[in-house]
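Residue numbers (my numbering), protein chains in the order written: chain A, 4 to 307; chain B, 4 to 307; chain C, 4 to 307; chain D, 4 to 307. Backbone N, C-alpha and C fix where the C-beta goes; we use that ideal spot for every residue, glycine too.
4 protein chains.
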Amino acid sequence: MTEAAMPSADEIRGYIRERSNWGRWGADDERGAINLITPEKRVQAASLVRSGRSISLSRDVPTRPGPGNPMPAQHWMRSMPGPNGGAAIDYYGLVFHGYVTTHLDALCHVWDDAGMWNGRDPQREITGNGARFGAIQHWRDGITTRGVLLDVPRYRGTPHVTIETPVHADELEAIAASQGVTLEPGDALCVYSGRESWQTANPAWSGYAPPSPGLHASCLRYLRDHDIAVLVWDMMDAAPNEYGLAWSVHAAIFAYGVGLVDNALLQPLAEACAEEGRYEFMLTLAPLPVVGGTGSPVNPLALL
Amino acid sequence: MTEAAMPSADEIRGYIRERSNWGRWGADDERGAINLITPEKRVQAASLVRSGRSISLSRDVPTRPGPGNPMPAQHWMRSMPGPNGGAAIDYYGLVFHGYVTTHLDALCHVWDDAGMWNGRDPQREITGNGARFGAIQHWRDGITTRGVLLDVPRYRGTPHVTIETPVHADELEAIAASQGVTLEPGDALCVYSGRESWQTANPAWSGYAPPSPGLHASCLRYLRDHDIAVLVWDMMDAAPNEYGLAWSVHAAIFAYGVGLVDNALLQPLAEACAEEGRYEFMLTLAPLPVVGGTGSPVNPLALL
Amino acid sequence: MTEAAMPSADEIRGYIRERSNWGRWGADDERGAINLITPEKRVQAASLVRSGRSISLSRDVPTRPGPGNPMPAQHWMRSMPGPNGGAAIDYYGLVFHGYVTTHLDALCHVWDDAGMWNGRDPQREITGNGARFGAIQHWRDGITTRGVLLDVPRYRGTPHVTIETPVHADELEAIAASQGVTLEPGDALCVYSGRESWQTANPAWSGYAPPSPGLHASCLRYLRDHDIAVLVWDMMDAAPNEYGLAWSVHAAIFAYGVGLVDNALLQPLAEACAEEGRYEFMLTLAPLPVVGGTGSPVNPLALL
Amino acid sequence: MTEAAMPSADEIRGYIRERSNWGRWGADDERGAINLITPEKRVQAASLVRSGRSISLSRDVPTRPGPGNPMPAQHWMRSMPGPNGGAAIDYYGLVFHGYVTTHLDALCHVWDDAGMWNGRDPQREITGNGARFGAIQHWRDGITTRGVLLDVPRYRGTPHVTIETPVHADELEAIAASQGVTLEPGDALCVYSGRESWQTANPAWSGYAPPSPGLHASCLRYLRDHDIAVLVWDMMDAAPNEYGLAWSVHAAIFAYGVGLVDNALLQPLAEACAEEGRYEFMLTLAPLPVVGGTGSPVNPLALL
């Protein structure tokens, strides 16, 4: 990427404001770019299942405290023995947003000063009893679509993206071309950046203290150009961004209505794609329907 | 069902003990009947996707207190406004086992006095730090298979199963025949008994205080005869059982290694199946990989 | 109580608005009527300790689900055995406000349309990161003062207050006179109404569904006339109130800055007072200092 | 402290085993050394209140993630506006044991291979539904006694205890003598070691990764010699201990039945004691009565 190609602040703001999808599916739409996934698209996704190999894109739910996990998930268990048998039950306490748990952001999760998805006012829509607009239950029927993996480390020949080398839109185009895949409307784009390798090399990194490696704000253009419905990624917004944006790539949520799966585990899928020599598959997301919730922990499944 | 057909206590114990799957996939197997779901089975499941209709089999995560919901899920939200934008995040606290939340039981969830799945000793395997055998993460790659719905209310011409009329194995055979479907090894059997209708008619019923309507212990035989991998049901074990069993249909977990999806929402699927005139579909379960967990809340998806 | 003595809506509003303590300890005061508890008052309280008998005014933390406990406290335990020994630890998850857990309300807990304590605006002061005004940590040094118990069932000769017979201000005056005690500024007033007896007789009552037995709005006058600092009670506001108030006796929080201890266990103290023939004692409240919290579960201690 | 005075492993084991209080208050006693606090002792404690100054010994409930706080407390708030007013309520989720939250350990919290308090077997007494012996509710009536502060930094002329310089029994004797106080049976001993100063100087220290500064195992002898009922401390067991003990000073819980208040905030009290020129006061602990709980977060109050 040459400096000449770096988008200006005005260009980036243009991606977010002028090219937004607000109103595209009606002023009251709460499903966003998931509308691009039609029944036909789901049938197409199912037709991609050939080897029958199933791969989880979820990290373990992060129960162990540590520098990279500042707000661990709670897992408590109770064993209840009885005379003829017994049972064991659990408590799961999850603060899933952030930089550790694999989760799907709902459309109400983030906003900038122009508003939430479809132009709604967060002051009005975000309440103590949950979000009244764009909450996760609007995707209760699940998200099943064609998934496409772009493998950045493989393209670059390095183990992981670094702070100095964020991923740009042009590079995504180049990787897709090199892998021989074409992105289509309604696709789930999976960008593998080498998160597990990065984390192993940087055990104290937690995302809460930038700088962070990841995708450059220019990737917004790529998402919008290809009408991507879902972004599944292991690294997230390169941070800090040089534009003073509240949100850079995360702006795809409120500007385009894109579903974001943060902290995905993409290395096993990258290996499987390389083995099978293909980068498209059926992808399924099954968020928990918490009415008013701003997202859900998920175990995304790729079926090859 | 005539009284003559009612199995004896010895027969029921025989279903659990003599016909168990212990050792069938090796003494150390922790995946149970999910082993019956081969890559070929998944390819077959995908081939069932025709209309592209996607249906959630999950109830809302039950956050509202009430007589039918004695241990509500916790949902707390925090809005974090900033100068250029903001975000909202949640806390989800879930005690998912029981009679309200749609969830998948892991193989370690229940046992009788002969032991857990594969003959393991719960005293040894269930620890304060989680289950060391048969925990939910062994199904982390998800469960995708052919689903078959049996619609009891439609067959009976009544809105829901009652305490006086539990569902027996012979009736499941008869329903399958009347619907023109054949159960095959590795299938997910979805038994719709009219739970939402029952709950509306019995708002104070919570399952913690038997009697409970549901499936008779004889259904164990049906699950085993057909090598079912997963049972998805809206009503559960008819209770109390007349055999003094710690677990009746739930014994399929530790005896056969079957995955149970309790408290599923099956009415919308039943309506879709009736509309499309077919009772088979692609079913996907994507449990959260909590290492050592005894199960997971899930949003099961049926793709027609 | 004769009907003639029933205060009008205007009188009740006058108790709340015209007789408020706003500004009494400065416009920025966040301690309210607890300011009435001076070092001298604490020395006086300590001087009341004669028999050395210590009595808890806390109910058990309510972990068991049931009709009277719609949002049970979570208690989960983990045993961690090691080679030379071991330890057991807990998770406590508490939604302590409401009608079950013994707890102290902070000044930020409730408000009416004129505002929070000292006239602050809840829109501004209540944030997703906690309350910025009147939160519980302002009472972190504890509340130690003279406590006085008024025993309504003993005075009435009935086991508990009923929905038809709320407690009025005049009756509190009469009880104090009959017990030979005089309320003084900075005192903690403990009003025993027979809650445990009521609950046993009405197991399904939970407070979330009025009507509720308890104290009439006229008691506001009594609290203000005597400059009470803390109200410890087992039954709470009689509900619904006939004045259309958002809060009746609870208005003492935002109007006078009084600390309210809801759902106290007062029967053992009532018995001890009757035995010792005195109704004054040292009372101690030790709220957990959660910065920004709207209250705290507490175990109030009476030392006779 | 000279090396000659260092107790041998046999001596330390002797403190724990031969000098234990097992059976002292009966084989079924669940209150331990709190039995030493008689009504007379409480009257004596109240007589120490002179200036009426009240001081909290609790740190803020630790909600902020950070290297020194690996398992943060959960605090979530909900604002519920209504037409005439509103309310705000909280969820508190606490894993209070460990090295951050101020809390009181119950007698069932720890054990060594000889057993729990009074010789009970943890295998039998610690269950998934809570501890059946020595749980926190046995101290529900609160702990009110004479408190004595020993100020180690003041005695040493250093800001805090370090890893190289643990506090020994002999030093506690010397400090008490230099402060002119005598420890008596049933007292609450407060050992101030300069924790906040240590933490500021060592922000990444969390206690979960030894070494840790604090009290040497020899202090067990001091606790037993003086029949201390409660130990309130800001630093805890110096770790690792050179004796291979599962627990060094924490052994006072199961050997002597002493109540331990871990992670107390003692600097403000140390300053007040120095100002008032006296080191004894009334101390109050009011644990939450969680039936079966292994302890409670507390806000200990010192009244001078």
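Residue i (DSSP reduced to helix, strand or coil)
i	result
W120/B	helix
C111/C	coil
V184/D	coil
H78/A	strand
H163/A	coil
T41/A	coil
Y195/B	strand
V293/C	coil
A95/A	Sequence check: residue 95/A is Tyr here, not Ala. In the structure shown, Y95/A sits in a strand (DSSP, three-state: E or B).
A305/A	strand
P206/C	coil
A255/B	helix
D228/D	helix
D154/C	strand
D31/A	coil
S23/D	coil
Which listed residue (the options) has its alpha carbon closest to that of residue i
i	options	result
Q47/C	T41/D, R45/D, Q47/D, S54/D	S54/D
P188/C	L39/C, D13/C, N24/C	L39/C
A242/D	W236/D, G260/D, S251/D, Q126/D	S251/D
L175/D	S23/D, V103/D, Y195/D	Y195/D
D359/B	I15/B, M9/B, S23/B, G17/B	A query on residue 359/B cannot be resolved here, the shown segment of chain B reaching from 4 to 307 and no further.
V233/B	R62/B, G197/B, D116/B, D108/B	D108/B
Y211/B	P73/B, V170/B, I178/B	P73/B
E279/A	G101/A, G89/A, E128/A, L152/A	L152/A
G85/D	P86/C, D115/C, N87/C, R127/C	D115/C
T148/B	R227/A, L288/A, S57/A	S57/A
R135/A	R67/A, E33/A, D228/A	E33/A
C-beta neighbour in chain C for residue i, strict 9 Å
i	result
T5/D	For T5/D, the predicted structure reports a pLDDT of 46, less than 50, and the residue's modelled location is therefore unreliable. The matter cannot be settled from this model.
M80/D	yes
G262/D	no
Residue i vs residue j beta-carbon contact at 9 Å
i	j	result
L110/A	G137/A	yes
R159/C	T168/C	yes
F99/A	G295/A	no
A191/C	V235/C	yes
I15/D	V113/D	no
W142/C	P290/C	yes
N266/C	R62/C	yes
L223/C	I19/C	yes
G26/C	N121/C	yes
Residues sharing a beta bridge with residue i, DSSP
i	result
R149/C	M285/C
G83/A	The sequence as given places Met at residue 83/A; Gly does not occur at that position. According to DSSP, M83/A bridges with A90/A.
V170/D	L218/D
V233/D	A191/D, G262/D
H106/B	D265/B, P300/B
I129/D	A134/D
I58/C	A305/C
D240/B	L218/B
Contact with chain A by residue i, beta-carbon distance below 9 Å
i	result
A138/D	no
G96/C	yes
Residue-chain proximity (residue i, chain D), Cβ-Cβ < 9 Å
i	result
A91/A	yes
I15/C	no
D32/C	no
Within-9 Å CB hit, residue i to chain B
i	result
G298/D	no
Q77/D	yes
V113/A	yes
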